[in-house]
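Residue numbers (our numbering), protein chains in the order written: chain S, 1 to 138; chain P, 139 to 276.
Backbone N, C-alpha and C fix where the C-beta goes; we use that ideal spot for every residue, glycine too.
Take a look at the structure below.
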DNA sequence: GCCGGACTTTAGACTTCCTCTAAAACAAGT
DNA sequence: ACTTGTTTTAGAGGAAGTCTAAAGTCCGGC
């Protein structure tokens with residue numbers, strides 16, 4: 001099954017991020033990282049955890065998501081007013097946002113090319129370029 | 139001064155958008171459109187209106203901003219979780235977002251080139267492409 | 001000018017998403 | 001096992017925005 005290997009990989013990720021592998025962090029990390037790339041909201045992850053019988057508070061879910069983000073394990077994406085998505089794919093890529101259902105989807109790599117990144121204003125440095133292609137059903 | 143002309147231009151804009159030129163809408167529209175392009179939040183516009191002795195409620199500011207947006211007079215931009223900016227420049231352009239101070243700034247036209255816009259997922263149509271370049275002070 | 005009906009505005013309660021607080025629980029070295 | 005510093009938690013608190021229903025305004029017809 002490879003379960004043990006996955007488990008210890010997740011554990012190792014937390015160690016490298018210098019985050020104590022507590023019960024809650026470990027469980028959340030497994031939900032996030034053991035099944036391919038995902039886009040989740042805090043609410044959604046919390047529901048999943050509860051459904052999986054992991055007792056964890058919403059505050060801890062928020063804390064963990066932010067700690068993972070700070071450690072570079074997640075990327076936070078804001079599209080809709082007042083809702084954050086967390087993407088387990090931290091590589092350089094962009095998104096489709098489905099306006100009708102609020103779903104976020106990766107744009108296959110290589111499909112958007114920002115041909116020329118503008119010079120940042122004086123005294124500033126570019127942290128990231130976000131491209132969001134908003135789509136709606138026809 | 140050209141004030142009368144500006145006034146009637148704003149009036150005309152509301153008429154074309156099929157929005158009754160009420161006292162409040164007219165006053166807000168003047169704040170928004172009579173002094174070059176701007177990026178404002180609802181809170182900010184409300185404060186300005188109060189400061190200019192225009193009695194208007196926050197709810198009306200929100201209503202008006204959304205009506206103007208629906209009519210194509212404004213463009214709504216979401217960068218930060220839980221805060222919307224409204225841009226009076228509705229032409230096709232993109233933004234720098236200053237992470238430290240929360241300021242939004244236009245990228246001069248022609249500076250970002252999205253060389254290739256990806257094909258939208260089946261059954262969907264592209265509504266808009268948003269490019270946000272996040273910068274922070276060095 | 002004045003009326004009447006439709007459209008707008010308003011205050012304030014409410015919702016949603018998220019953060020804070022202080023106390024209880026836990027991890028990990030000794 | 002004990003201690004110490006870190007984490008977790010429930011629930012209160014906060015910010016941004018929406019909703020409601022009552023009061024006010026616009027404007028065409030008279």
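message: The beta strand (DSSP E) that contains residue 137 of chain S, what's its start and end?
response: 124-137
message: 8 Å is my cut-off, CB to CB: does residue 207 of chain P come that close to chain S?
response: no
field: Option in P/157, P/153, P/154 and P/145 with minimal Cα separation from residue 169 of chain P
entry: Residue 169 of chain P has its Cα closest to that of P/145, out of P/157, P/153, P/154 and P/145.
task: Determine the direct distance from the alpha carbon of residue 157 of chain P to that of residue 140 of chain P, and round the result to whole angstroms.
output: For residue 140 of chain P, the predicted structure reports a pLDDT of 49, less than 50, and the residue's modelled location is therefore unreliable. A value from the coordinates is still provided. For residue 140 of chain P and residue 157 of chain P, the distance between alpha carbons rounds to 24 Å.
query: Under a Cβ-count criterion, where at least 16 other Cβ atoms within 10 Å of its own Cβ denotes burial, should residue 130 of chain S be classed as buried or exposed?
result: buried
Chain-ordered neighbours of residue 188 of chain P on chain S, where CB pairs are closer than 8 Å: Per Cβ cutoff of 8 Å: no residues; residue 188 of chain P is ~23 Å from chain S at best.
message: Please tell me whether residue 259 of chain P has its Cβ less than 8 Å away from any Cβ of chain S.
response: yes
message: Quick check on DSSP: helix, strand or coil for residue 277 of chain P?
response: The structure shown does not extend to residue 277 of chain P, since chain P is modelled only from 139 through 276, so no value can be given for it.
- prompt: Exposed or buried, residue 247 of chain P, counting other C-beta atoms within 10 Å across all chains shown (16 or more means buried)?
  reply: exposed
task: Pull up the distance between the alpha-carbon of residue 253 of chain P and that of residue 232 of chain P, whole angstroms please.
output: 14 Å
query: What does residue 98 of chain S touch in chain P if you count any residue whose Cβ is under 9 Å from its own?
result: 259 and 262
query: Mind checking residue 132 of chain S: buried by the 16 CB within 10 Å criterion, or exposed?
result: Taking all protein chains in view, the Cβ of residue 132 of chain S is crowded by 16 or more other Cβ atoms within 10 Å, so the residue is classified as buried.
task: Assign residue 186 of chain P to one of three DSSP states: helix, strand, or coil.
output: helix
field: Pairwise C-alpha distance: residue 172 of chain P and residue 162 of chain P
entry: Straight-line Cα distance between these residues: approximately 15 Å.
Residue 56 of chain S in three-state terms, based on DSSP: coil
task: Return the CA-CA distance between residue 76 of chain S and residue 86 of chain S, expressed in angstroms with no decimal places.
output: 5 Å
field: Exposed unless 16 or more other CB atoms sit within 10 angstroms - verdict on residue 124 of chain S
entry: buried
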